[in-house]
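Each remark here refers to the structure printed beneath this line.
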Amino acid sequence: MIVGSTKEDLTLEKRVSLTPETAKNIIGLGPQVCIEKDYAIHLGIPDSEYTKVGVEVKNSLEEVISSVNLLTKVNCPSEKEINSLKEKTILIGMLNPSKNKDKISEIIKKKLNIFSLELLPRISRAQSMDVLSSQSNLAGYRAVIDCVAEFEKAVPMMMTAAGTVPAAKVLIIGAGVAGLQAIATAKRLGAIVSATDVRSASKEQVESLGGKFLTVEQTEDLET
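Encoded structure:
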């Protein structure tokens, strides 16, 4: 079994599906691993980091695709990649079938075995393959960081000789995975944090992070 990965379209995606650490884990299970040249150079990870753990570096996208039995991607592969893939190749990634209907149709015609990880059931046994929660965590963190950059003022209360700067007030709408991380991040920065959610169960979670839960009157719990 040869597992491989090609570069993403850097205008749309900076992430990579294989790091030296994950490649090492895959090699430890038995398969060979190969990547396209300068695969993660934009993230500060040179090819030498991959070769250290036993990954083979190919000179072109075509070389990788012609070698692999299993191709990993962050996003749906390009039309060029789809056309180059061999029949019965396994394709794993976040393929977003609702937005890539034409590409998925081509993939099915080529008789490829496809696994779209964002559709993986969110059960205990599959937690190690979860691609949604980790990214939602980062999205919640980044949302607050970007908001503070736009705010252009101090976030925590500051008492100075010239007077007091009041703490910023932050409202988080939605207290799911991303929302809870946003609450925690804003709180750590010193903001006064409020949050709301249609799920009544989230009240306890919000308050455990130091936020104030804003209750919206409704006739039923809308968790499901």
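Each number in my numbering corresponds to the 1-based position in the sequence shown with 6 added.
From the three backbone atoms N, C-alpha and C, an ideal C-beta is built for every residue, glycine too.
Bear in mind the structure is a predicted one, so any value in this text is a computation, not a measurement.
For residue i and residue j, what's the separation of their Cα atoms in angstroms?
i, j, result
"I110", "E68", "20 Å"
"K107", "M135", "24 Å"
"L77", "T57", "18 Å"
"S206", "V161", "28 Å"
"L91", "T221", "52 Å"
"E19", "G10", "18 Å"
"G180", "V171", "28 Å"
"E124", "S23", "14 Å"
"G36", "V150", "42 Å"
"P52", "T25", "11 Å"
"S214", "S208", "10 Å"
"A45", "I178", "One detail in the question is off: residue 45 reads as Tyr in this sequence, not Ala. Cα to Cα, Y45 sits roughly 37 Å from I178."
"A174", "E158", "11 Å"
"M164", "G196", "10 Å"
"V63", "I47", "13 Å"
"Q133", "G99", "16 Å"
Tell me which residue opens and which closes the alpha helix (DSSP H) that residue i is part of.
i, result
"T57", "D53 to K58"
"T191", "V183 to R194"
"I88", "E85 to S90"
"S214", "S208 to S214"
On the DSSP letters alone, give me the boundaries of the beta strand (DSSP E) that residue i sits inside.
i, result
"L77", "L76 to N81"
"S11", "I8 to S11"
For residue i, which beta-bridge partners are listed by DSSP?
i, result
"G34", "Per DSSP, none; premise fails for G34."
"A201", "I178 and F219"
"E62", "C40"
"L97", "L77 and I120"
Give me the Cβ distance between residue i and residue j, rounded to the nearest whole Å; I'm assuming they're in contact under 8 Å.
i, j, result
"I8", "N81", "With 8 Å as the limit, I8 and N81 do not qualify as a contact, their Cβ atoms being about 21 Å apart."
"K13", "E55", "In fact, because the Cβ distance is near 15 Å, the residues do not count as touching under 8 Å."
"Q187", "N143", "5 Å"
"V199", "A192", "5 Å"
"K117", "K94", "6 Å"
"V70", "A29", "Not a contact, Cβ separation roughly 13 Å."
"P103", "S84", "At roughly 16 Å, the Cβ-Cβ gap does not stay under 8 Å, so P103 and S84 are not in contact."
"G185", "D203", "7 Å"
**Message:** Could you tell me which whole alpha helix (DSSP H) segments of length 4 or greater appear in the region 102-174?
**Reply:** 107-115 and 139-157
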